[in-house]
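Enquirer: The following block contains the structure, expressed as structure tokens.
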Amino acid sequence: MLLKKQGGELAAAGNPGFSRHLKKYWQYYLLMLIPVIYYIIFRYIPMAGNIIAFRRFRAGHSIFGDEWSGFKYFKQFIGDKTFWRAFKNTLSLNVFYLLFRFPLTLIFALLLNEIRNLHWKKFVQTVSYLPHFISMVIVTGMIRELVSTSGPINTLIQNLGGAPISFIALPEWFTTIFVGSGVWQSLGWGTILYLAAISGINPSLYEAAKVDGANHFQCIIHVTIPSILPTITTLLILDIGGLVGSGGAFEKVFLLYNPMVYEKADIISTFVFRLGLGSGNYSYATAVGLFEALLNLILLTGANKISKKLTGSGLW
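The numbering of the sequence shown is our numbering, which starts it at 6 and goes up by one.
Have a look at this one:
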């Protein structure tokens with residue numbers, strides 16, 4: 006009865022009640038407004054440009070294309086060997102990156118959580134977070150210096166009696182360079198959500214486990230990991246949803262690759278960049294980009310459904 010009465014009073018208040026609520030919490034709505042406007046302007050409105058994947062676009066003419074071309078550009082890239090090479094490279098780089106980064110990030114978060122000295126823990130966190138804030142231009146510059154023929158890695162190889170290796174010019178080394186530098190750059194930053202989830206675990210669960218005879222390692226396996234499983238699942242779903250996409254990989258690949266390593270380094274984003282801005286074939290590039298987005302959507306939806314069946318948790 007009380008709930009019904011309160012609900013009736015709230016409904017009767019109507020707009021004045023919302024006005025008071027808005028006046029009281031206007032700062033929160035203002036903060037929320039900024040990302041909403043950003044996504045509307047830079048994410049949703051540009052979607053209208055996808056129409057040129059089905060229309061022939063000429064620079065200087067209508068932004069929605071001049072004439073209907075149907076699935077011409079889709080058929081064109083499906084028969085293009087260069088596209089499938091870029092598709093294979095994108096999938097390969099993302100899968101290897103996920104296989105190394107995802108478990109290492111979780112393990113590193115668990116290790117950080119075990120540090121009891123607060124000052125030392127903050128120091129380790131700060132050092133591990135810093136690479137995330139370094140500009141990608143600087144990161145790629147550092148990588149080039151490290152792997153150059155006169156860099157420290159080749160100097161060490163020569164001191165050990167080996168011959169210098171031109172890492173940046175050999176396709177077989179590109180995946181190692183990409184994955185290794187990516188793990189270094191994102192390892193510390195990726196632990197933030199895990200540490201936040203771990204901090205929310207009820208301490209009584211650990212006490213109950215110890216009463217039952219569990220040692221420290223068993224507490225991690227049977228208490229910590231199951232408690233943060235929803236967070237692990239959510240992050241894994243998001244990563245799987247971007248397996249075909251390039252995400253933040255475009256900048257690094259674009260700054261690192263060269264024609265000598267296209268065989269392993271050319272990904273969908275760099276392929277689209279060369280087609281669109283490089284060759285002026287905007288309709289073809291848009292068709293490739295739209296295909297990439299649809300594949301990511303399918304992967305994300307599929308991973309979410311599988312996760313809900315296996316673990317009972319998902320994004321929606």
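Built from N, CA and C at the ideal position, the CB exists for glycine as well.
Check each candidate in T180, N118, I203 and name the one with the smallest Cα separation from D271.
Expert: Closest by alpha carbon: T180.
Enquirer: From what residue to what residue does the alpha helix (DSSP H) around H124 run?
Expert: Unbroken alpha helix (DSSP H) run through H124: 123-134.
Enquirer: Classify L7: buried if its beta carbon has 16 or more other beta carbons within 10 angstroms, exposed otherwise.
Expert: Model confidence at L7 stands at a pLDDT of 38, short of 50, so the residue's coordinates are unreliable; what they give is reported in the following sentence. Answer is exposed; the Cβ neighbour count stays below 16.
Enquirer: State the beta-bridge partners of E72 as determined by DSSP.
Expert: R61, per the DSSP bridge assignment.
Enquirer: At which residues does the alpha helix (DSSP H) containing A244 begin and terminate?
Expert: The sequence given here places Asp at residue 244; Ala does not occur at that position. From DSSP, the alpha helix (DSSP H) with D244 extends over 234-245.
Enquirer: With a threshold of 16 other CB atoms inside 10 Å of the CB of F59, please say whether the residue is buried or exposed.
Expert: When all chains shown are included, F59 counts as buried.
Enquirer: With a threshold of 7 angstroms on Cβ separation, who are the neighbours of I170 within its own chain once the five nearest residues in sequence on each side are excluded?
Expert: So the qualifying residues of the chain are N159, I162.
Enquirer: Identify which residue in L200, I226, N309, T291 has its Cα closest to the Cα of S74.
Expert: That would be T291, whose Cα lies nearest to the Cα of S74.
Enquirer: In this structure, does DSSP put A168 in helix, strand or coil?
Expert: Correct three-state label for A168: coil.
Enquirer: At a cut of 8 angstroms, does the region 208-224 reach the region 148-157 through at least three beta carbon pairs?
Expert: Segments in contact, no.
Enquirer: So the candidates are V100, L98, I225, I56; which of them puts its Cα closest to the Cα of L115?
Expert: Selected option, being the one with the closest Cα: I225.
Enquirer: For M37 and L104, what's the separation of their Cα atoms in angstroms?
Expert: Straight-line Cα distance between these residues: approximately 35 angstroms.
Enquirer: Report the residue from E119, E177, S153 whose alpha carbon sits nearest the alpha carbon of M265.
Expert: The shortest Cα separation from M265 among E119, E177, S153 belongs to E177.
Enquirer: Quick check on DSSP: helix, strand or coil for H66?
Expert: Three-state result, H66: coil.
Enquirer: What residue range does the alpha helix (DSSP H) around N309 cover?
Expert: First-last of the alpha helix (DSSP H) with N309: 287-315.
Enquirer: Give the straight-line distance between the Cα atoms of I45 and I203, rounded to the nearest whole angstrom.
Expert: Near 34 angstroms, if we compare the C-alpha coordinates of I203 and I45.
Enquirer: With a threshold of 6 angstroms (Cβ to nearest heavy atom), would L192 be considered close to the ligand NAP?
Expert: This structure does not include the ligand NAP; it has no bound ligands of any sort.
Enquirer: Residues in its own chain within less than 6 angstroms of I230 by CB, not counting five upstream and five downstream?
Expert: Cβ neighbours of I230 beyond the five flanking positions: none.
Enquirer: On the DSSP letters alone, give me the boundaries of the alpha helix (DSSP H) that T196 sits inside.
Expert: Residues 196-204.
Enquirer: Can you give the beta carbon distance from L280 to Y289, rounded, assuming they're within the 8 angstroms contact cut?
Expert: Indeed they touch by this definition, with Cβ atoms about 5 angstroms apart.
Enquirer: In this structure, does DSSP put Y274 in helix, strand or coil?
Expert: Note that residue 274 corresponds to Ser in the displayed sequence, not to Tyr. Correct three-state label for S274: helix.
Enquirer: Would the region 59-73 and the region 305-321 be scored as touching if the rule is three or more Cβ pairs under 8 angstroms?
Expert: Because the criterion of three Cβ pairs below 8 angstroms is not met, the region 59-73 and the region 305-321 do not touch.
Enquirer: Are F259 and T275 closer than 7 angstroms when you measure CB to CB?
Expert: Going by C-beta atoms, F259 is nearer than 7 angstroms to T275.
Enquirer: What are the boundary residues of the alpha helix (DSSP H) that M141 is part of?
Expert: It spans 141-152 - the alpha helix (DSSP H) in which M141 sits, taken as one unbroken run.
Enquirer: From F88 to Y30, what does the alpha carbon distance come to, in whole angstroms?
Expert: Roughly 50 angstroms between the two C-alpha positions.
Enquirer: How about the region 80-96 and the region 235-245: do they share at least three Cβ pairs that are nearer than 8 angstroms?
Expert: Segments in contact, no.
Enquirer: Rounded to the nearest angstrom, what separates D244 and F107 at their Cα positions?
Expert: Taking the straight line joining both Cα atoms gives about 9 angstroms.
Enquirer: Quick check on S24: does DSSP put it in helix, strand or coil?
Expert: Here S24 sits in helix by DSSP.
Enquirer: Just the C-alpha distance for R48 and G84, rounded to the nearest angstrom, thanks.
Expert: R48 and G84: Cα-Cα distance of roughly 30 angstroms.
Enquirer: Between L241 and F113, how many whole angstroms is the CB-CB distance? I'm expecting something under 8 angstroms.
Expert: Contact flag wrong, Cβ pair sits at about 16 angstroms.
Enquirer: Going straight from the alpha carbon of S133 to that of G22, what length do you get?
Expert: Cα-Cα distance, rounded: 47 angstroms.
Enquirer: On the three-state DSSP scale, how would you describe T43?
Expert: In the sequence on display, residue 43 carries Tyr and not Thr. Reduced to three states, the DSSP call for Y43 is helix.
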